[in-house]
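See below for the structure under consideration.
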Amino acid sequence: MFSERLKKLKPYKTETTPAKVRLSSNELPYDLPEDLKVKIAERLKKVNLSLYPDPEAGELREAIGEFWGIDPKNIVLGNGSDELIYYLSIIVGEFSEGVYIPVPTFPMYEIGSRVFGRPVYTVPLGKNFDIDLPESLKVISSEKVSLAFFSYPNNPTGNLFSREAIEKIRNQGVVVVVDEAYYSYSGETFLEDSLKRSDTVVLRTLSKIGLAGLRVGVLIATEEVVREINKVRLPFNVTLPSQVIACTVLREGKEFIASCVEKVIRERERLFKELSGFEGLEVFPSRANFVLIRSKEIDLYRELLKEGILVRDMSHLPLLEGCVRVTVGKPEENDMFLEALSKVLKCHA
Numbered sequence: 000m001f002s003e004r005l006k007k008l009k010p011y012k013t014e015t016t017p018a019k020v021r022l023s024s025n026e027l028p029y030d031l032p033e034d035l036k037v038k039i040a041e042r043l044k045k046v047n048l049s050l051y052p053d054p055e056a057g058e059l060r061e062a063i064g065e066f067w068g069i070d071p072k073n074i075v076l077g078n079g080s081d082e083l084i085y086y087l088s089i090i091v092g093e094f095s096e097g098v099y100i101p102v103p104t105f106p107m108y109e110i111g112s113r114v115f116g117r118p119v120y121t122v123p124l125g126k127n128f129d130i131d132l133p134e135s136l137k138v139i140s141s142e143k144v145s146l147a148f149f150s151y152p153n154n155p156t157g158n159l160f161s162r163e164a165i166e167k168i169r170n171q172g173v174v175v176v177v178d179e180a181y182y183s184y185s186g187e188t189f190l191e192d193s194l195k196r197s198d199t200v201v202l203r204t205l206s207k208i209g210l211a212g213l214r215v216g217v218l219i220a221t222e223e224v225v226r227e228i229n230k231v232r233l234p235f236n237v238t239l240p241s242q243v244i245a246c247t248v249l250r251e252g253k254e255f256i257a258s259c260v261e262k263v264i265r266e267r268e269r270l271f272k273e274l275s276g277f278e279g280l281e282v283f284p285s286r287a288n289f290v291l292i293r294s295k296e297i298d299l300y301r302e303l304l305k306e307g308i309l310v311r312d313m314s315h316l317p318l319l320e321g322c323v324r325v326t327v328g329k330p331e332e333n334d335m336f337l338e339a340l341s342k343v344l345k346c347h348a
């Protein structure tokens with residue numbers, strides 16, 4: 000009854016465990032200000048929900064273009080970046096051709112490839128969680144690989160991969176997808192390449208800058224790539240409320256977003272410094288809105304949850320034994336996390 004290609008496929012798991020402090024999903028910890036919510040409510044009152052949304056999401060593409068300095072003609076929107084990952088797995092190459100993914104990384108790259116029966120070639124990261132270029136080139140040269148996904152900065156390790164390594168992989172005739180979900184926190188981008196080269200696509204999202212509930216993913220590419228994506232894009236894939244709310248926030252909440260991002264970056268650096276002072280803990284530098292930490296002796300996920308702090312367990316992933324990923328929260332949330340962590344470490348000293 001069911002397809003053979005799905006038998007070994009595992010669904011993406013989200014973290015829904017109740018907790019006093021939730022630092023597990025890499026969301027922005029700050030809610031929209033009340034005056035902005037009032038403006039949103041006023042505009043939503045005028046929305047006729049009996050009608051379909053703009054299938055091209057033209058006004059929202061314009062607002063996103065203004066926000067990031069991109070021509071709307073180079074933008075395709077999706078119901079989250081996950082939908083766009085599916086589309087890229089459809090349009091690039093043939094289903095018989097492979098997809099290269101350095102691991103550990105965001106699981107949806109592999110899921111989005113295997114759904115269509117594409118061969119997936121995963122290569123473990125090397126030193127400092129960077130791309131193992133020799134092994135990657137070996138795999139790409141021996142297998143027919145047409146597509147590669149890179150999380151930049153990488154989720155869950157938090158580091159930026161070597162730009163040179165990505166470019167060398169691209170030079171093998173591989174279309175590279177650079178997922179810049181955490182661009183606001185790193186400031187590093189392949190945007191210029193994506194606007195000039197059809198073998199480079201950039202993904203971004205509104206989820207990490209305060210609008211995770213809207214599910215708006217952003218693909219940035221040449222007009223040629225955009226045209227091919229639109230051939231397979233589902234109609235009306237971005238809801239009318241999402242379009243209205245996102246336009247309002249991007250145009251009238253720009254300063255709010257910038258302020259929140261700045262706070263998160265400050266707190267990220269504070270967390271890294273504080274965590275580095277704990278004995279028995281390995282802390283990894285991050286350019287995203289989370290920090291990866293490792294304890295070889297303690298199950299940090301379970302022990303922190305006992306203290307009411309929910310983080311993301313990463314210990315099941317390759318190279319990440321004993322690791323948890325901690326979203327950067329508000330200062331008071333981070334203080335509660337640090338206090339709980341100190342208690343846990345002392346109890347197991």
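Everything in the sequence shown is counted per numbering that gives the first Met the number 0, starting at 0 for the first residue and increasing by one. Quick reminder that beta carbons are idealized off the backbone N, C-alpha and C, glycines included.
query, result
"Sub-8 angstroms separation of residue 343 and residue 157 beta-carbons", "no"
"Residue ranges of each alpha helix (DSSP H) within the region 96-179, 4 or longer", "107-113, 132-141 and 162-169"
"Outcome for residue 348 when other beta-carbon atoms lying within 10 angstroms are tallied against a minimum of 16", "exposed"
"Cβ neighbours of residue 201 in the same chain (closer than 6 angstroms, five flanking residues each side left out)", "177, 179, 189, 190, 193 and 219"
"With 16 other Cβ atoms within 10 Å as the buried cut-off, status of residue 231", "exposed"
"Beta-carbon separation (whole angstroms), residue 39 vs residue 238, contact threshold 8 angstroms", "Not quite, the Cβ-Cβ distance comes to about 14 angstroms (not below 8 angstroms), so this is no contact."
"Whether residue 150 touches residue 94 by CB criterion (8 angstroms)", "no"
"Cβ-Cβ distance between residue 252 and residue 76 below 8 angstroms", "no"
"Chain-order list of residues whose beta-carbon lies under 7 angstroms from that of residue 131 (same chain, five-residue window excluded)", "122, 123, 124 and 125"
"CA-to-CA distance, residue 205 to residue 68, given in whole angstroms", "15 angstroms"
"Counted within 10 angstroms of its Cβ, other Cβ atoms place residue 160 as buried (16 or more) or exposed", "buried"
"Same chain only: Cβ atoms within 7 angstroms of residue 21, ignoring 5 sequence neighbours per side", "309"
"Local conformation of residue 312 per DSSP, three classes", "strand"
"Straight-line Cα distance separating residue 78 from residue 264", "27 angstroms"
"First through last residue of the beta strand (DSSP E) which encompasses residue 201", "199-204"
"Distance CB(residue 242)-CB(residue 59) smaller than 8 angstroms", "yes"
"Status (buried if at least 16 other CB within 10 Å, exposed otherwise) for residue 57", "exposed"
"Touching by the beta-carbon criterion (3+ pairs, under 8 angstroms), the region 296-304 and the region 165-172", "no"
"Residues of its chain near residue 259, where Cβ-Cβ distance is below 7 angstroms and the 5 sequence neighbours each way are ignored", "27, 29 and 209"
"Proximity winner among 88, 271 and 108, relative to residue 11 (alpha-carbon distances)", "108"
"Three-way DSSP call (helix, strand, coil) for residue 306 in this model", "coil"
"Chain-order list of residues whose beta-carbon lies under 7 angstroms from that of residue 90 (same chain, five-residue window excluded)", "227, 228 and 231"
"Contacts around residue 18, its chain only, beta-carbon distance under 8 angstroms, and the 5 residues preceding and following it disregarded", "304, 307, 308 and 309"
"Neighbourhood of residue 0 by C-beta distance below 8 angstroms, restricted to the same chain and skipping five residues each side", "none"
"Proximity winner among 100, 116, 61 and 45, relative to residue 5 (alpha-carbon distances)", "116"
"Reduced DSSP secondary structure (H/G/I, E/B, other) of residue 328", "coil"
"Beta-carbon contacts of residue 66 that lie in its chain and below 6 angstroms, excluding the five residues immediately before and after", "249"
"Within 8 angstroms, strictly: CB atoms of residue 287 and residue 152", "yes"
"Nearest-angstrom Cβ-Cβ length linking residue 185 and residue 207, presumed shorter than 8 angstroms", "The Cβ separation is near 11 angstroms, so there is no contact."
"Test item: CB-CB of residue 103 and residue 319 under 8 angstroms", "yes"
"Helix, strand or coil at residue 435 according to DSSP, with G and I counted as helix", "Residue numbering for the chain in the displayed model covers 0 to 348; residue 435 lies beyond these limits and cannot be assessed."
"Contact set for residue 351: own chain, Cβ-Cβ below 6 angstroms, skip 5 residues either direction", "In the structure displayed, the chain extends from 0 to 348; residue 351 sits before or after that span and is not available."
"Inter-residue CB distance, residue 146 and residue 98 (contact presumed, cutoff 8 angstroms)", "5 angstroms"
"Beta-bridge partners of residue 322, as assigned by DSSP", "293"
"Beta-carbon spacing of residue 23, residue 326 below 8 angstroms", "yes"
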